[in-house]
Amino acid sequence: MTDTDPRPANAPAKQASRPPTGKEYLESLQDGREIWIYGKRVKDVTTDPCFRNSAQSVARLYDALHAPESKDILTCPTDTGNGGYTHAFFRAPKTREDLAHARDAIEYWQRMVYGWMGRTPDYKASFTGVFGANPDHFAPFADTARNWYARAQNEVLFLNHAIVNPPVDRNRPVDEVEDVFVHAVKETDAGIVVRGAKVVATGSALTQANFCASNRGTLRKREYALAFFAPMDTPGVKLICRHSYELAAAATGSPFDYPLSSRLDENDAVLVFDNAFIPWENVFFYGDVEKSDKLMQNARTTGRVVIQAFTRLKVKLDFIIGLVMKASRIAGTHEMRTNQVLIGELIMYRNVIKGLTDAMIAHPDELHGDYITFNETYGMTLRGLGPHIYTRMRDIVQKVSSSSLIYLNSNSVDFQNEELRPYLDVYLRGSDGITAEERSKTMKLLWDSVSSEFGARHELYERNYLGGHEDVLMGPLFRALANGDAKRFADLTEQCMDEYDINGWKMPGFYNGDDIRVFGR
1 MTDTDPRPAN
11 APAKQASRPP
21 TGKEYLESLQ
31 DGREIWIYGK
41 RVKDVTTDPC
51 FRNSAQSVAR
61 LYDALHAPES
71 KDILTCPTDT
81 GNGGYTHAFF
91 RAPKTREDLA
101 HARDAIEYWQ
111 RMVYGWMGRT
121 PDYKASFTGV
131 FGANPDHFAP
141 FADTARNWYA
151 RAQNEVLFLN
161 HAIVNPPVDR
171 NRPVDEVEDV
181 FVHAVKETDA
191 GIVVRGAKVV
201 ATGSALTQAN
211 FCASNRGTLR
221 KREYALAFFA
231 PMDTPGVKLI
241 CRHSYELAAA
251 ATGSPFDYPL
261 SSRLDENDAV
271 LVFDNAFIPW
281 ENVFFYGDVE
291 KSDKLMQNAR
301 TTGRVVIQAF
311 TRLKVKLDFI
321 IGLVMKASRI
331 AGTHEMRTNQ
341 VLIGELIMYR
351 NVIKGLTDAM
361 IAHPDELHGD
371 YITFNETYGM
381 TLRGLGPHIY
391 TRMRDIVQKV
401 SSSSLIYLNS
411 NSVDFQNEEL
421 RPYLDVYLRG
431 SDGITAEERS
441 KTMKLLWDSV
451 SSEFGARHEL
461 YERNYLGGHE
471 DVLMGPLFRA
481 LANGDAKRFA
491 DLTEQCMDEY
501 DINGWKMPGF
511 YNGDDIRVFG
521 R
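Counting from 1, position 101 in the sequence shown corresponds to residue 101 in the UniProt record's numbering; the numbering is continuous, with no gaps.
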């Protein structure tokens, strides 16, 4: 165990006037953070082969905030008084134009990573934007919300979260699993000391701080009711990472073989707090077991979370559709009715997402004061549809591509072998003059998308990251009960049933059929 860190509360956040560049972002990760993988502590995530290309992918996003061709799309003036500019999704919106600008900024970043990075820096702005619109929701820690809203906006912080308890003893009350679940072990005038673990800290090795909160469930002890941000360099904060797809891609292949795995791997990890000190100015909630279960649910983050997630998924589907259409042409199956039907189904799903995200902007919900948010009813709908759409997409890709997905040479070096190359050029070529090299390049990209370890992990992510399979489907019901839609549905049914009874129609003008009835005459 590490010793409790008695250091004073953190200094006030700096008032940056512009977002960091990619270089500055990478430098911010060189802070001595404790990252473990393959039995070793990582010295520098920006140069370690398990993480370095993914770090570069994020750095490119930060550079785009400054590039002349993308700055106006991506950024807007801050509202924090620092006179600077920020990513448009980091500022709490007040108009439909604000919502549209934020969505366009999200989409621009996602097109740079083809929809394959779910935890880009704007992901957690779905939470921090609410902090700015309604900080009093977190009273008596409202100042924490205000300060982190300003910090996140001024510095375009790359934040993440880990809020799920590890899958251990979930049949027991939380406080009976004190050796695993996060809780405070000490309170001081300066803050709290926490111990325990959270999952799944996706991409956290490359972030600047992690948000940790009590997960849903009945709590009996106040030390388990908590929510806070922990900078990644906090003593006692550790990440235990899964296998690196980026490393495996480089060690056994090349960018040609694994074009996604090798640069877009958001490593999932276990986030451990080993007597980590959290100053009060980083605490959003503590000690109230009655409010804990509803704190984040009632923070009204759903619309913002969903717009980021499904703007990304739309881009991902754009990419997949283009790729599977090319694969079908290469195989000479693009005019087969079966494949046209399946690709049309994919395009239909893409259009449903586009239409609902547009509707989330066109019909915003009021939030607090002058602030608005993306329509939560349509957001709940997308949240429920997403897992089905993604699993169906993967099924369609495998049906359209069939054995073409596996009918591939082993590695890009095969094309550099003079003895083997002539056979590849003949037997692995595509249709209509498409070379073996072009066919292999296309199909390896498709394999990495849906069938590699990276691709399979993405289905697991898309099915679960917004909640359990039951939660995402119950959401629309609870939303309808809360906003009056369920009553309107019931009223429409009752209206119909009030128009007749056992004696016939109760409305004028309709015939009961007494003159032609076979029974009861």
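Positions of the beta carbon are idealized from the N, C-alpha and C atoms, including for glycine.
Of GLU281, LYS441, LEU157, MET360, the smallest CA-CA separation from LEU382 is found for MET360. In terms of CA proximity to HIS363, ASN375 leads the group LYS354, THR357, ASN375, GLY355. In summary, ASP98 is buried, with 16 or more beta-carbon neighbours lying within 10 Å of its beta-carbon over all protein chains present.
Around the Cβ of GLN297, a 10 Å sphere holds fewer than 16 other Cβ atoms; the residue is exposed.
Within the DSSP bridge table, the entry for GLY504 names ASP501 as partners.
DSSP, reduced to helix, strand and coil, places VAL177 outside both helices and strands of the structure shown, so it counts as coil.
Judged by beta-carbon spacing, VAL174 lies within the 9 Å limit of ARG220, meaning their Cβ atoms are closer than that value.
Taking 9 Å as the cut-off, the beta carbon of VAL180 is found no closer than this to the beta carbon of VAL164. By the beta-carbon neighbour count (other beta carbons within 10 angstroms, threshold 16), GLY322 is exposed. The Cβ atoms of LEU428 and LEU408 lie closer than 9 Å to each other. Remark: C-beta atoms of GLU155 and PRO19 approach each other more closely than 9 Å.
Boundaries of the beta strand (DSSP E) around TYR371: 371 to 373. Taking a contact to require three or more Cβ pairs closer than 8 Å, the region 115 to 128 and the region 278 to 294 do not qualify as touching.
PHE228 has CYS212, VAL283 as its beta-bridge partners, per DSSP.
Between the alpha carbons of PHE319 and ARG457 lies a gap of roughly 18 Å.
Secondary structure note for VAL185: it is in no alpha helix (DSSP H), and the uninterrupted beta strand (DSSP E) holding it is 183 to 187. Check the Cα spacing between ALA209 and each of PRO387, TYR25, PHE489, ASN351: the tightest is with TYR25. Note on geometry: alpha-carbon atoms of ALA249 and SER57 lie some 16 Å from one another. Secondary structure note for THR207: it is in no beta strand (DSSP E), with a DSSP letter that is neither H nor E. The distance from the Cβ of ALA197 to that of VAL272 is about 5 Å, consistent with a contact at the 8 Å cut-off. In the pairwise beta carbon analysis, the region 85 to 103 is classified as not touching the region 22 to 39: fewer than three pairs are separated by under 8 Å.
The beta carbon of THR302 lies closer than 6 Å to those of GLU376, GLY379 in the same chain, with the five residues before and after it left out.
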